[in-house]
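Numbered by this note's numbering, the letters in the sequence shown go through residues 15 to 214 in order.
Report on the following structure.
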Amino acid sequence: MTDSRTPLVQGIAKLFNNPEHADTKIYIGAFELPAHRLILAVQSPFFEKALNGNFQESKTNSFRFVEGSAHAHWRVFEYMYTGSYSEEPRNALGVDDDGELAKDVRVYTTADFFLMDELKAYALERFKSKLQRLWVSELFVDCIREVYSSTSESDKGLRDAVAQAAKEHSSDLWLKKAFQTLVREVGDFAVDLLAKFHTK
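Structure representation (structure tokens):
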């Protein structure tokens, strides 16, 4: 049976980065992304509150984001319209894209800022899939550092994923001086890793 929602979903996706019917401007650094209040408010509690409350942005219909990853912000807005996001960089942003391991981590933390739990879960699954082959990367240690510096202790998603990967490959990882240094310096990670060895 054909999904009757398909034309609607496709129609919304066509509005991404499309000035047609746009009534809001999103600035990612210097890049202007045309957007639509209804879609933003439906997809993100952050925007629902900002657009319907007594905020300056609700009057100017303009939001500016200069901190954090520009590409992660782009992917978050792409997800709002399409239900997914691309691995490819958006060259128009004028900055280098995030590394392969960092992409989903930064989408996850940006989604957390926008209160988008479904996107966090989606980014986490993509991240876990990459960890299966990229735990061996020299960037894995830097990735763990970023995960623990950008998430709270109560937000276990990314932390659990890197701790589990580290446990599964601990014999190989422990041979790397950078990993040993990481364990010594990032106490929360050391605790989470140790807990993995004591959890059946």
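The beta-carbon is built from N, C-alpha and C at its ideal position, and this holds for glycine as well.
Just so you know, these numbers come straight off a predicted model, no measurement behind them.
Just the Cα atoms here: how many angstroms apart are D111 and I42?
Taking the sequence shown and counting its residues from 1, the one referred to as residue 111 is at position 97. Taking the sequence shown and counting its residues from 1, the one referred to as residue 42 is at position 28. Cα to Cα, the separation comes out at about 13 angstroms.
What is the rounded straight-line gap between the Cα of W188 and the Cα of R147?
Position 174 of the sequence shown holds residue 188. Position 133 of the sequence shown holds residue 147. Distance between the alpha carbons of W188 and R147 is about 17 angstroms.
DSSP state of R104 mapped onto helix, strand, coil
Here the question's residue 104 lines up with position 90 in the sequence shown. Note: R104 maps to coil in three-state DSSP.
Assign D126 to one of two classes, buried (16 or more other C-beta atoms within 10 Å of its C-beta) or exposed (fewer than that).
Translated into positions along the sequence shown, residue 126 becomes position 112. D126 should be labelled buried.
Determine the burial state of E85: buried for a count of at least 16 other Cβ atoms within 10 Å of its Cβ, exposed for fewer.
One-based indexing of the sequence shown puts residue 85 at position 71. Checking the displayed sequence, the identity of residue 85 turns out to be His instead of Glu. With 16 or more other Cβ atoms within 10 Å, it is buried.
Can you give the Cα-Cα distance for G25 and L145, rounded to whole angstroms?
Mapped onto the sequence shown, residue 25 falls at position 11. Mapped onto the sequence shown, residue 145 falls at position 131. Approximately 34 angstroms, taken between the alpha carbons.
Residue of K142, E152, T96, S164 minimising C-alpha distance to K191:
Reading the sequence shown from its first residue, position 177 is the one you call residue 191. Checked all of K142, E152, T96, S164; the closest Cα to K191 is E152.
In the DSSP output, what is R120 paired with across the bridge?
Within the sequence shown, the letter at position 106 stands for residue 120. Partner(s): none; R120 has no beta bridge.
Suppose the cutoff is 6 angstroms on Cβ atoms and the five residues either side in sequence are ignored; what does the same chain contact list for L133 look like?
The residue labelled residue 133 in the question sits at position 119 within the sequence shown. For L133, where only same-chain residues beyond five positions count, the Cβ hits under 6 angstroms are Y93, A125.
Distance, D186 Cα to D131 Cα
Position 117 of the sequence shown, counted from the first residue, corresponds to residue 131. Position 172 of the sequence shown, counted from the first residue, corresponds to residue 186. Whole-angstrom Cα-Cα distance: 34 angstroms.
Are Y95 and F30 closer than 8 angstroms when you measure CB to CB?
Here the question's residue 95 lines up with position 81 in the sequence shown. Here the question's residue 30 lines up with position 16 in the sequence shown. Contact flag set, yes.
Backbone secondary structure at S58 - three-state DSSP:
Translated into the one-based positions of the sequence shown, residue 58 becomes position 44. In the structure shown, S58 sits in coil (DSSP, three-state: anything other than H, G, I, E or B).
In whole angstroms, what separates the C-alpha of G108 from that of R159?
Start at 1 with the first residue of the sequence shown, and residue 108 comes out as number 94. Start at 1 with the first residue of the sequence shown, and residue 159 comes out as number 145. Rounded to whole angstroms, G108 to R159 spans 26 angstroms at the Cα level.
If you run the structure through DSSP and keep just helix, strand and coil, what is L133?
Taking the sequence shown and counting its residues from 1, one reaches residue 133 at position 119. Helix at L133.
Could you check where the alpha helix (DSSP H) with S164 kicks off and where it finishes?
If you number the sequence shown from 1, residue 164 lands on position 150. Boundaries of the alpha helix (DSSP H) around S164: 154 to 164.
Under DSSP, the alpha helix (DSSP H) around S185 begins and ends at which residues?
As a working mapping, residue 185 is identified with position 171 in the sequence shown. Start and end: 184 to 187.
Distance check for F211 and A106, CA to CA, integer angstroms please.
For this step, residue 106 is matched to residue 92 along the sequence shown. For this step, residue 211 is matched to residue 197 along the sequence shown. A106 and F211 have their alpha carbons spaced roughly 45 angstroms apart.
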